[in-house]
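**Q**
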RNA sequence: GGAGAAAUGGCAGAGUGGUCGAUUGCGGCGGUCUUGAAAACCGUUGUUCGGGCGACUGAACCGGGGGUUCGAAUCCCUCUUUCUCCGCCA
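In the numbering used here, the protein residues as written are 15 to 438.
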C-alpha cells in the first residue's frame with residue numbers, strides 16, 4: 015500500500031504514474047485526501063476531550079484522597095456527558111480510519127519511472143536473451159507426450175488421488191524434481207542467500223502483508239476450519255518473516271532463499287496453452303527474497319536478475335529477459351523482469367520466473383522498517399522477490415529441448431544431482 | 001484431547017485499581033577517568049498517530065479483542081500463544 019505521506023505531498027505524481035499502469039486513481043486519491051483531513055480533525059478533537067477526561071480523573075483521585083466526598087460525586091456526574099461525547103468522536107475516528115485504509119489499499123504500487131507504458135505482453139521490453147535455440151527432429155514431441163513415453167509424470171494418477179492439476183512425479187521424474195530443487199537451493203546458498211524452510215500454510219495477517227488478501231482470496235486454497243491459506247508462493251511466508259520487524263541498516267540487504275510447493279486455484283484461467291506442465295494447481299518453486307535499503311534496492315534487483323539468469327545459463331536453456339510494461343505488471347510491483355525459456359516442441363516462450371522490486375509497497379503493509387545507526391527515526395525497507403526458479407516449465411523445456419532418439423539428455427550441471435545422464 | 005500455570009519495554013524481571021510508559025538489572029548509546037582498552041562512575045535509551053515555524057505539546061500501546069470504573073498493566077469475559085502434567089502420535 016502507498017504511504018499516506020506520498021499522497022499528501024505528491025498526489026498529482028501518484029495519479030500520473032498510475033496512468034502507466036492504466037489505472038485512473040483520481041477519484042480514490044481525492045477521496046483518500048478528504049478522509050485523511052477528516053481523520054486528523056477528529057483526532058485533534060478526540061485527543062483534546064480525552065486529555066480533559068484524563069485530567070479530571072486525576073483531580074477526582076486527589077479529591078478522594080482528601081476525603082471530599084461531595085465534590086467527588088459532583089465531578090463524576092459532570093464527566094458522563096463528556097464521556098458520551100468522547101465515545102462518539104472516537105467511534106467516528108475509527109470509522110474514518112477504517113475507510114481510509116480500505117481506500118488506500120485499492121491503489122496499486124507506482125511503477126518505476128523507467129517502466130514503459132503499455133497494455134499487453136506485446137508491449138513488454140526484451141532486455142536480452144541467451145542460449146541457443148535447439149534444432150529438433152521433425153518428429154519431436156511436446157513434453158506431455160514425452161512424460162508418457164518415459165513414464166515419469168502421471169497426470170491421470172494425480173486426478174485419481176486429488177484432481178486435475180496435481181501431477182504425480184514418478185521414478186526419474188521425481189528424481190529430476192528433487193535434483194532441480196537441490197540445485198537451485200545450492201546455487202542460492204552460493205550467492206549468499208540464507209536457506210529457509212517456511213510453513214506452507216499462512217494466516218490472514220501474512221496474506222495481507224504481501225498483498226494476497228483481501229483481493230486475491232479466490233486464487234488461494236483456504237483451509238476453512240482453521241482459517242489458514244495454502245501459499246501460492248514462498249514469497250508469502252518468507253517475506254512475512256519481516257512483518258513488524260525493525261532491522262539495522264547495516265544488516266541490509268537481507269537475502270533468503272527457500273523451496274516450497276506452491277498452490278494456486280487458477281480459477282477461470284484454464285483453456286488453451288495450459289496443457290501438461292504449463293499450468294498446475296500444485297507445483298514446486300525455489301524463491302529468493304531480499305529486504306533492501308531504499309537507496310540500493312535496484313542494485314538488489316539487478317543482482318537477483320543476474321542470479322536467475324545464471325541458473326538458466328547453467329541449465330543450458332534458451333532464455334530471454336523481458337521488462338514488463340505498465341499494463342502487464344502486478345498490482346504490488348514497481349518493476350518486474352520476467353524470464354522466459356523457449357520450449358522447442360511447443361515453439362513457445364514459457365515464463366519461468368518473475369523478479370520484482372516492490373519498493374516500500376509491501377513493507378508499508380508489513381511494517382517492515384530499518385533504522386540507520388544512531389538514528390531515532392525508522393524508514394520502510396524495500397522488498398524484492400523472484401522465482402529461482404519455478405520447476406514445471408523448466409522441466410517442460412528440458413524435456414522438449416534435450417530430446418534425442420536415445421532419450422532426454424540432462425544438462426551436465428544437473429547430473430551430480432540426478433545421478434543419471436539420460437531419461438530413457 | 002483433558003487438567004493447571006503464565007504472557008510486561010532489545011533481554012531478564014518487579015509491579016494486583018489512582019501522577020505507571022511503567023522500579024531494577026543486563027545489553028545498547030553518550031560522557032568522565034585512561035597513552036589505549038577494561039573496570040568504575042554519571043547520563044541516556046520503545047513504538048505509533050496528531051498539533052505547532054519552533055521551543056514544545058496531546059493521544060494510544062504492559063499478547064489480541066471486548067467489558068466494569070471518574071480512573072485498568074492491575075478486576076471481569078473472550079480469543080491466541082507459551083509452559084507443566086496426563087492422553088495420543090510421525
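Glycine is no exception: its CB is placed at the ideal position from the N, C-alpha and C atoms.
Computed from a predicted model, the values in this text were never measured in an experiment.
My assumption, with CB atoms under 8 angstroms, is that residue 303 sits in contact with residue 353. Please give the rounded CB distance.
**A** Translated into the one-based positions of the first chain, residue 303 becomes position 289. Translated into the one-based positions of the first chain, residue 353 becomes position 339. The pair is not a contact, with the Cβ atoms about 16 angstroms apart (cut-off 8 angstroms).
**Q** Put residue 177 into one of helix, strand or coil per three-state DSSP.
**A** Position 163 of the first chain, counting from 1, holds the residue named residue 177. Coil at residue 177, not helix or strand.
**Q** What did DSSP end up calling residue 256 once you bin it into helix, strand or coil?
**A** Here residue 256 is taken as the residue at index 242 of the first chain, counted from 1. Residue 256 falls in the helix class under three-state DSSP.
**Q** Whole angstroms are fine: how far does the CA of residue 181 sit from the CA of residue 169?
**A** Sequence index remark: in the first chain, residue 169 carries index 155 (1-based). Sequence index remark: in the first chain, residue 181 carries index 167 (1-based). Taking the straight line joining both Cα atoms gives about 5 angstroms.
**Q** Identify the residues that DSSP records as bridge partners of residue 52: which are they?
**A** Stepping through the first chain from its first residue, residue 52 is reached at position 38. Per DSSP, none; premise fails for residue 52.
**Q** Among 280, 157 and 196, which has the Cα closest to the Cα of residue 3?
**A** No statement about residue 3 is possible, as the shown extent of the chain runs from 15 to 438 and does not include it.
**Q** Hey, which unbroken runs of the beta strand (DSSP E) at 3 residues or more fall wholly within the segment 213–290?
**A** Taking only runs of at least 3 residues, the beta strand (DSSP E) segments lying wholly in the segment 213–290 are 242–244, 259–262 and 268–277.
**Q** Give the secondary structure of residue 321 by DSSP, where H, G and I count as helix, E and B as strand, and everything else as coil.
**A** For this step, residue 321 is matched to residue 307 along the first chain. Helix.
**Q** What do you reckon, are the CB atoms on residue 374 and residue 308 nearer than 8 angstroms?
**A** Here residue 374 is taken as the residue at index 360 of the first chain, counted from 1. Here residue 308 is taken as the residue at index 294 of the first chain, counted from 1. Taking 8 angstroms as the Cβ cut-off, residue 374 and residue 308 qualify as a contacting pair.
**Q** Look at the alpha carbon of residue 235 and the alpha carbon of residue 62, and state the distance between them as a whole number of angstroms.
**A** Position 221 of the first chain holds residue 235. Position 48 of the first chain holds residue 62. Residue 235 and residue 62: Cα-Cα distance of roughly 47 angstroms.
**Q** Output the distance between the C-alpha atoms of residue 345 and residue 204, rounded to the nearest integer angstrom.
**A** Translated into the one-based positions of the first chain, residue 345 becomes position 331. Translated into the one-based positions of the first chain, residue 204 becomes position 190. The straight-line gap from Cα to Cα measures roughly 32 angstroms.
**Q** Below 8 angstroms between beta carbons: does that hold for residue 397 and residue 376?
**A** What you label residue 397 is simply residue 383 of the first chain in a count that begins at 1. What you label residue 376 is simply residue 362 of the first chain in a count that begins at 1. Yes. Within cutoff.
**Q** When the Cα atoms are used, what is the spatial distance from residue 81 to residue 56?
**A** Taking the first chain and counting its residues from 1, one reaches residue 81 at position 67. Taking the first chain and counting its residues from 1, one reaches residue 56 at position 42. So the alpha carbons of these two residues sit roughly 37 angstroms apart.
**Q** What is the rounded straight-line gap between the Cα of residue 131 and the Cα of residue 339?
**A** Translated into positions along the first chain, residue 131 becomes position 117. Translated into positions along the first chain, residue 339 becomes position 325. Distance between the alpha carbons of residue 131 and residue 339: 6 angstroms.
**Q** Within the segment 345–395, note down every full beta strand (DSSP E) run reaching 3 residues or more, in order along the chain.
**A** Counting whole runs of 3 or more residues, the segment 345–395 contains the beta strand (DSSP E) stretches 349–357, 362–371 and 382–385.
**Q** What is the rounded straight-line gap between the Cα of residue 206 and the Cα of residue 305?
**A** For the purposes of this step, residue 206 is taken as the residue at position 192 of the first chain. For the purposes of this step, residue 305 is taken as the residue at position 291 of the first chain. For residue 206 and residue 305, the distance between alpha carbons rounds to 13 angstroms.
**Q** Could you give the first and the last residue of the continuous alpha helix (DSSP H) run that contains residue 162?
**A** Within the first chain, numbered from 1, the residue matching residue 162 stands at position 148. That run of the alpha helix (DSSP H) goes 157–164.
**Q** Can we say the segment 349–368 touches the segment 320–335, given the rule of at least three CB pairs closer than 8 angstroms?
**A** At 8 angstroms Cβ cutoff, the stretches touch.
**Q** What is the DSSP secondary structure of residue 399, counted as helix, strand or coil?
**A** Locating residue 399 in the first chain gives position 385, counting from the first residue. Here residue 399 sits in strand by DSSP.
**Q** Can you check DSSP and say which residues form a bridge with residue 436?
**A** Looking up residue 436 in the first chain gives position 422. For residue 436, which the question treats as bridged, DSSP gives the partners 423.
**Q** Taking 8 angstroms as the threshold, find out whether the segment 219–231 comes into contact with the segment 245–253 through three or more Cβ pairs.
**A** Touching, per the Cβ criterion.
**Q** Go through its chain and collect everything with a Cβ distance to residue 208's Cβ below 6 angstroms, but skip five positions before and after it.
**A** In the first chain, the residue the question calls residue 208 occupies position 194. Answer for residue 208: 270, listed in chain order.
**Q** Do residue 125 and residue 34 have their C-beta atoms closer together than 8 angstroms?
**A** Start at 1 with the first residue of the first chain, and residue 125 comes out as number 111. Start at 1 with the first residue of the first chain, and residue 34 comes out as number 20. Closer than 8 angstroms, so yes.
**Q** Residue 148 to residue 326, Cα distance in whole Å?
**A** If you number the first chain from 1, residue 148 lands on position 134. If you number the first chain from 1, residue 326 lands on position 312. Rounded to the nearest angstrom, the two C-alpha atoms are 15 angstroms apart.
**Q** Taking 7 angstroms as the limit between beta carbons, can you name the residues of its chain near residue 291, skipping five residues before and five after?
**A** Counting from one through the first chain, the residue named residue 291 turns up at place 277. 157, 406, 407, 409 and 410, listed in sequence order.
**Q** Count the other CB atoms, across all protein chains shown, that sit within 10 Å of the CB of residue 349; report buried if there are 16 or more and exposed otherwise.
**A** Here residue 349 corresponds to residue number 335 of the first chain, with the count starting at 1. Buried: at least 16 other Cβ atoms inside 10 Å.
**Q** Over the uninterrupted alpha helix (DSSP H) stretch that includes residue 88, give me the two end residues.
**A** On the first chain, position 74 is the one that residue 88 refers to. First-last of the alpha helix (DSSP H) with residue 88: 83–118.
**Q** Using beta-carbon positions only, say whether residue 47 and residue 21 come within less than 8 angstroms of one another.
**A** Looking up residue 47 in the first chain gives position 33. Looking up residue 21 in the first chain gives position 7. Yes, they are a contact pair.
**Q** Would you decide whether residue 274 is buried or exposed? Buried here means 16 or more other CB atoms lie within 10 Å of its CB.
**A** Reading the first chain from its first residue, position 260 is the one you call residue 274. Buried, by the Cβ-count rule.
**Q** Can you tell me whether residue 297 is helix, strand or coil according to DSSP?
**A** If you number the first chain from 1, residue 297 lands on position 283. Residue 297 falls in the strand class under three-state DSSP.
**Q** Please report the distance separating the alpha-carbon of residue 108 from that of residue 50.
**A** If you number the first chain from 1, residue 108 lands on position 94. If you number the first chain from 1, residue 50 lands on position 36. Taking the straight line from one Cα to the other gives about 12 angstroms.
**Q** Throw me the rounded Cβ distance for the residue 144 and residue 333 pair, which I believe falls under 8 angstroms.
**A** In the first chain, counting from the first residue as 1, residue 144 sits at position 130. In the first chain, counting from the first residue as 1, residue 333 sits at position 319. Right, the Cβ-Cβ distance comes to about 6 angstroms (below 8 angstroms), so this counts as a contact.
**Q** Please list, in chain order, all residues of the same chain as residue 110 whose beta carbon is under 7 angstroms from its beta carbon, the five residues on each side excluded.
**A** Numbered from its first residue, the first chain carries residue 110 at position 96. Around residue 110: 49, 52, 53 and 56.
**Q** Run through DSSP, which three-state label would residue 73 get?
**A** Counted from its first residue, the first chain places residue 73 at position 59. Residue state, collapsed to three classes: helix.
**Q** Whose C-beta lies closer than 6 angstroms to the C-beta of residue 437 among residues of the same chain, with five residues either side of it excluded?
**A** Here the question's residue 437 lines up with position 423 in the first chain. Contacts found: 164, 186, 421 and 422.
**Q** Is the CB-CB distance between residue 198 and residue 67 below 8 angstroms?
**A** The sequence position of residue 198 within the first chain is 184, counting from 1. The sequence position of residue 67 within the first chain is 53, counting from 1. Taking 8 angstroms as the Cβ cut-off, residue 198 and residue 67 do not qualify as a contacting pair.
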